[in-house]
Amino acid sequence: MFDTTGFWKDIFIFILVLVVVYTLLKIFVLKYFKNKDRAKSIGLNIALVIGIVYLFFRIFKVIDDNFPDFSTMFMMTNIVNQALQVSVLALATTGIVLIFKTSATTNFAQGMIATFGAFVAAKLIQYFTLNYTDLTVTNMVFLAMIGGAITAFLFGIFVDAVIIRNSKDKTPIGKQMITMGLVLVLAGAMPLIFGKILLPIPKMSYEPNIAFKLFGIDLFITVHAYYALIITVVLLVVLFSMLRFTKWGLGVRATASNELVAGMMGVNTKIITSMSWAIAGLLGAVAAVMLTPNATNVTVALMTPTQVNAFMAAILGSFSSFLGPLVATVLIPVLTGLLSLIVPLWQNAVVYLFILAIVLVKPMGLFGKKIAKKV
Amino acid sequence: MICRTEVCKDRKARIKQITNHPYFGFFIITFLMLIVQLLRAAGVPVSNTLVRAFGITMIYIIVALGFSILLGYAGLASLGTAGFVGIGTYILGYFTKNLEASVFIVILVSIVGAIVIGLIVGFISLRIEGMYLAIITLGLSEILNEVFKNAVSITNGTNGLGLDSQLILFKNLIFIDHNTIFIVTAIIMFFMMILTLNLIKSPTGRALLAMRNSTSAAQAMGVSILKYRLMAFIVSTVYAMLGGVIYMSYISFSIPTTWSLAFSLNILAAVIVGGSQSIYGIVLGTFMIFGLNLGVFQQFDFFKNNPAISVMFNGLLIILVIMFYPGGLIRLVTTTYYKLKKALAKLKTKWREYRYGSDN
Chain A
1 MFDTTGFWKD IFIFILVLVV VYTLLKIFVL KYFKNKDRAK SIGLNIALVI GIVYLFFRIF
61 KVIDDNFPDF STMFMMTNIV NQALQVSVLA LATTGIVLIF KTSATTNFAQ GMIATFGAFV
121 AAKLIQYFTL NYTDLTVTNM VFLAMIGGAI TAFLFGIFVD AVIIRNSKDK TPIGKQMITM
181 GLVLVLAGAM PLIFGKILLP IPKMSYEPNI AFKLFGIDLF ITVHAYYALI ITVVLLVVLF
241 SMLRFTKWGL GVRATASNEL VAGMMGVNTK IITSMSWAIA GLLGAVAAVM LTPNATNVTV
301 ALMTPTQVNA FMAAILGSFS SFLGPLVATV LIPVLTGLLS LIVPLWQNAV VYLFILAIVL
361 VKPMGLFGKK IAKKV
Chain E
376 MICRTEVCKD RKARIKQITN HPYFGFFIIT FLMLIVQLLR AAGVPVSNTL VRAFGITMIY
436 IIVALGFSIL LGYAGLASLG TAGFVGIGTY ILGYFTKNLE ASVFIVILVS IVGAIVIGLI
496 VGFISLRIEG MYLAIITLGL SEILNEVFKN AVSITNGTNG LGLDSQLILF KNLIFIDHNT
556 IFIVTAIIMF FMMILTLNLI KSPTGRALLA MRNSTSAAQA MGVSILKYRL MAFIVSTVYA
616 MLGGVIYMSY ISFSIPTTWS LAFSLNILAA VIVGGSQSIY GIVLGTFMIF GLNLGVFQQF
676 DFFKNNPAIS VMFNGLLIIL VIMFYPGGLI RLVTTTYYKL KKALAKLKTK WREYRYGSDN
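Chains as they are written, first to last, in the working numbering: chain A, 1 to 375; chain E, 376 to 735.
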């Protein structure tokens, strides 16, 4: 579709130059710094930022070569189109990171619990359309979303309080395996519970697109994506302020740093973990309900790609911070959307390769701090 | 029944020598797997799906054995298995269909490829550990899946790559029926089990175990982390790719959707459910996860119409095993075996007391 001659060559040469410059600096300049580790990590960060900026710049140049007059608009439209993906991914990733912080395990069932919530929401919508015909679409989806979120909230509590707390194997890998088992159980149970009828969820609104201006460029955003963005921002702001200013948030941070010591200091770690599982389920369910209109119907595999992307975002932004993964959740869909213009079909693979390369350079992620290992 | 003569005692000792040999159990397992095929050869009407179920289970046992070296011995959790098995299937498919290469060349190529990929992942594992490694290998598997989907000229894309069930041994096209491949698979499985046992009982296996328990302690004892991590990944990848090659030659069809995250999770589940440090455990786990569903459940119409139930059963099994028997089902089996043995011994002494009177 696009003429991309020279794109990969330029990227490759740029990376090579970056590596050579970094190595030279490391050999000849690093010894003059007092705090070598700090200087090294700052240097790496600068190199990565330069690399990412250059990647965007080079993509822009490709678009500019093909559409000389509309290049900026084209790129901005492409970025704005990812608003829904970004908000869905942000919610899913925050759920995974929250669980990783309190339970020290990666929750593979996050997507499935979310899909369960979406199924309940779709059933509710079916019920509303039959019995309450005077409800508008927006109100209906919103009520259903709350219903689905509450279901996923309770399910999260159930998973932690009934299954994981009573498990004999409490190692991270054991917990991870339980969530994997849960994936299979839910994948089997959901078609049985909700039947084989297609369950659609409508968009939150079918009003005409909202037009707005950014840097003097006319852009459009669908009302559905706009609402999704608002819901995401509100949920995340509430969550982060809870983490920052409430006792529960303090408990989460204490549990994240050391569960045993937090327990000894009087933090009720059981309630803290249960609540984080519940909130993760809630966030996931909201994300799933917002994502479903893209696929028209709720299916078992609805959240699987989002789940993989969420893991990637969490690892790119580092599990040890909350804000790092959020930056990654913006970066991944935007980059995927732009690369789909340049390498159609291969965009996911290329983005994963980039993430792999970045994580190889910085094992703890973009915003992670290196944790000193004690023997 | 009671043995009194020298000849009889000698014979009994010899039998015991055979049954106590570590390979004897593997032989029995292989034989049990082959029974279906033998029955069919003898004229008993065995359904195709049952034979196929056993064949697939054997292939997955090979993959799971490789994975257990990684998880149970080196302590590295990887979710890239699906991608590696997928590569194996496509190597055989492409080389046989387009290049008309011999099977032996294919196996050679896949082993070389496995070594290269194992080296890459091994080097990644040196920098990234634990949960992070699982997610990174998951990403690698996703990349491979994208390649399977999009490299249409090699993999035939999402339609799947089919072979006309013909393999090339030397030069000419030779048609090998699935029954022969079934038997060859059983033999390969037997040798893979022996190889695995020898590997984990050797100094290499002990070094891997030391590394699993504590990398720092292992390094202090002179175990090279670099060498053994790379080796664990290479061995596991070779097993996986070989499994892929056999899968393709047996099923003659490979489609990208098979090599998704679910496959890696199932292999992981098989290893965990059975017991990650025991070969018998892996056989048991693979049978529970794959064989039971394919071989037993699919025979009933109820399960055939509701495939979701068997998936649910697998999930429940995993959760229950981890909740109550973290060592795997094989530990349950061995503990009940010893309990039974103890109870039998007690009964025997009681019977003797009753028969001959007590010592006092």
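Glycine is no exception: its CB is placed at the ideal position from the N, C-alpha and C atoms.
Endpoints, the beta strand (DSSP E) within which residue i is located
i: glutamine 541(E); result: 541 to 543
i: phenylalanine 672(E); result: Looking at the DSSP string, phenylalanine 672(E) is not in any beta strand (DSSP E), and its letter there is neither H nor E.
i: lysine 213(A); result: 210 to 214
i: phenylalanine 220(A); result: 217 to 221
Chain E residues whose Cβ lies nearer than 7 Å to that of residue i
i: tyrosine 226(A); result: By Cβ distance, chain E contributes nothing, its closest Cβ being about 30 Å from tyrosine 226(A), past 7 Å.
i: leucine 236(A); result: The contacting residues do not exist; leucine 236(A) stays about 22 Å from chain E at best.
i: lysine 168(A); result: Met698, Phe699 and Pro701
i: tyrosine 352(A); result: Gly514, Glu517 and Ile518
i: asparagine 35(A); result: Within chain E, no residue comes near asparagine 35(A); the closest Cβ sits about 22 Å away, beyond 7 Å.
Closest Cα partner of residue i within the set the options
i: asparagine 81(A); options: Asn209(A), Leu353(A) and Ala310(A); result: Asn209(A)
i: alanine 161(A); options: Ser274(A), Gly317(A) and Thr105(A); result: Ser274(A)
i: valine 620(E); options: Ile558(E), Gly461(E), Ala561(E) and Leu601(E); result: Gly461(E)
i: isoleucine 657(E); options: Phe675(E), Ile434(E) and Lys602(E); result: Ile434(E)
i: valine 648(E); options: Gly660(E), Tyr655(E) and Leu544(E); result: Gly660(E)
i: isoleucine 150(A); options: Leu260(A), Ala310(A) and Val289(A); result: Val289(A)
i: methionine 145(A); options: Lys170(A), Asn107(A) and Pro202(A); result: Pro202(A)
i: isoleucine 444(E); options: Lys679(E), Cys383(E), Gly580(E) and Ala585(E); result: Gly580(E)
i: asparagine 268(A); options: Gly249(A), Val286(A) and Ala280(A); result: Gly249(A)
i: leucine 229(A); options: Ser241(A), Met204(A), Arg244(A) and Val53(A); result: Met204(A)
i: threonine 456(E); options: Leu544(E), Tyr622(E), Ala439(E) and Phe470(E); result: Ala439(E)
i: isoleucine 697(E); options: Ser733(E), Gly666(E), Ala718(E) and Ala645(E); result: Ala645(E)
i: phenylalanine 638(E); options: Ile404(E), Asn689(E), Lys384(E) and Ile403(E); result: Asn689(E)
i: serine 223(A); options: Ile231(A), Phe60(A) and Lys270(A); result: Serine is not the amino acid found at residue 223(A); the sequence shown has valine there. Residue Ile231(A) is the option with its Cα nearest to valine 223(A).
i: serine 276(A); options: Ala295(A), Ala256(A), Val286(A) and Leu291(A); result: Ala256(A)
i: glycine 317(A); options: Phe245(A), Phe14(A), Asn45(A) and Ile13(A); result: Asn45(A)
i: isoleucine 490(E); options: Arg604(E), Gly670(E), Arg706(E) and Leu667(E); result: Arg604(E)
i: alanine 449(E); options: Ser589(E), Gly702(E), Ile664(E) and Met623(E); result: Ser589(E)
Amino acids of chain E, ordered along the chain, whose beta-carbon sits closer than 9 Å to that of residue i
i: glycine 324(A); result: The premise fails here: glycine 324(A) is roughly 14 Å from chain E at the closest Cβ pair, so nothing lies under 9 Å.
i: glycine 337(A); result: Correct list: empty, because the minimum Cβ distance to chain E is about 16 Å.
Cβ-based burial, residue i [other Cβ within 10 Å; buried from 16]
i: serine 123(A); result: Per the sequence presented here, residue 123(A) reads as lysine, with serine not at that position. Answer is buried; the Cβ neighbour count reaches 16.
i: glutamate 207(A); result: exposed
i: arginine 389(E); result: exposed
i: glycine 418(E); result: exposed
i: asparagine 309(A); result: buried
i: glycine 6(A); result: exposed
i: alanine 254(A); result: buried
i: threonine 632(E); result: exposed
i: alanine 595(E); result: exposed
i: lysine 716(E); result: exposed
i: glutamine 176(A); result: buried
i: proline 325(A); result: buried
Beta-carbon neighbours of residue i, restricted to chain A and to distances below 9 Å
i: asparagine 473(E); result: Residues of chain A passing the Cβ test: none, with the nearest at roughly 21 Å.
i: isoleucine 642(E); result: Going along chain A, no residue has its Cβ under 9 Å from isoleucine 642(E), so there is no contact; the nearest lies around 11 Å.
i: leucine 536(E); result: Under the 9 Å cutoff, chain A gives no residues; its nearest Cβ is about 18 Å from leucine 536(E).
i: glycine 690(E); result: Met180, Gly181, Leu182, Val183, Leu184, Val185, Leu186, Ala187, Gly188 and Ala189
Amino acids of chain A, ordered along the chain, whose beta-carbon sits closer than 8 Å to that of residue i
i: arginine 604(E); result: Those do not exist, as arginine 604(E) stays about 15 Å from chain A at its closest Cβ, beyond 8 Å.
Chain E contact residues for residue i, given Cβ-Cβ distances below 8 Å
i: leucine 282(A); result: Those within 8 Å of leucine 282(A) in chain E number zero; the least Cβ separation is about 22 Å.
i: phenylalanine 311(A); result: Ile510, Leu513 and Gly514
i: alanine 189(A); result: Ala683 and Met687
i: threonine 106(A); result: Met506, Ala509 and Ile510
i: methionine 177(A); result: Leu643, Ala644, Ile647, Ile693 and Ile697
Interface residues of chain A facing residue i [CB-CB closer than 7 Å]
i: tyrosine 435(E); result: By Cβ distance, chain A contributes nothing, its closest Cβ being about 16 Å from tyrosine 435(E), past 7 Å.
i: alanine 452(E); result: Ile173
i: arginine 502(E); result: Leu360 and Pro363
i: asparagine 525(E); result: Leu345 and Trp346
Endpoints, the alpha helix (DSSP H) within which residue i is located
i: proline 682(E); result: 682 to 699
i: serine 443(E); result: 423 to 443
i: threonine 255(A); result: 247 to 257
i: glutamine 176(A); result: 172 to 194
i: glutamine 652(E); result: Glutamine 652(E) -> no alpha helix (DSSP H), and no H or E assigned at all.
i: phenylalanine 70(A); result: Element bounds for phenylalanine 70(A): n/a, residue is neither H nor E.
i: tyrosine 132(A); result: Counting along the chain, tyrosine 132(A) falls outside any alpha helix (DSSP H), and DSSP gives it neither H nor E.
i: glutamine 82(A); result: From DSSP, glutamine 82(A) is part of no alpha helix (DSSP H); its letter is neither H nor E.
i: proline 293(A); result: 269 to 295
Only counting runs of 4 or more residues, tell me where the alpha helix (DSSP H) segments fall wholly within the segment 306 to 363 of chain A, in order along the chain.
Segments of the alpha helix (DSSP H) lying fully in the segment 306 to 363 of chain A: 323 to 342 and 347 to 361.
Runs of alpha helix (DSSP H) lying entirely within the segment 551 to 634 of chain E, each at least 4 residues, in chain order
Fully enclosed alpha helix (DSSP H) runs of 4 or longer: 553 to 576, 578 to 588, 590 to 595 and 600 to 626.
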